[in-house]
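The next block holds one structure in the form of structure tokens; read it before the comments.
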Amino acid sequence: MIDTIKNLWFRDTKEEAIYINEVAMRIRAGMLLIIPLYMGLTLFDVVYTSSWIVDGNTAVDTYDTDWDDNIIYQVEAIKRTYDYTVQTWL
Numbered sequence: 089m090i091d092t093i094k095n096l097w098f099r100d101t102k103e104e105a106i107y108i109n110e111v112a113m114r115i116r117a118g119m120l121l122i123i124p125l126y127m128g129l130t131l132f133d134v135v136y137t138s139s140w141i142v143d144g145n146t147a148v149d150t151y152d153t154d155w156d157d158n159i160i161y162q163v164e165a166i167k168r169t170y171d172y173t174v175q176t177w178l
């Protein structure tokens, strides 16, 4: 098992000075970079975007106004919730 892992990350294990495989290290660095980017984008989405999803096609005028003469509309809105199981796996 250890020989298989060594062959993936190192160029040749029988050399006198073992060199690390550059392509494998770039792939590993890319995988390690994706994790914080994904979690950062999720945090940005939670903090700075609306938690309500409103369908603009369902907006209906109620023919009523509030105290400041703003028109009151009735809409169908869905409260967006997040499932953080993928982030906790990381």
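Converting from the sequence shown to my numbering requires adding 88 to each position, the first position being numbered 1.
The beta-carbon is built from N, C-alpha and C at its ideal position, and this holds for glycine as well.
For the pair L131 and G118, the Cα-to-Cα distance works out to about 20 Å. Take the alpha-carbon of Y126 and the one of I166: they are about 24 Å apart. According to the DSSP assignment, V142 belongs to the beta strand (DSSP E) that extends over 140–142. For D156, there is no enclosing beta strand (DSSP E), since its DSSP letter is neither H nor E.
In the three-state reduction of the DSSP assignment, A117 falls in the helix class, which pools H, G and I.
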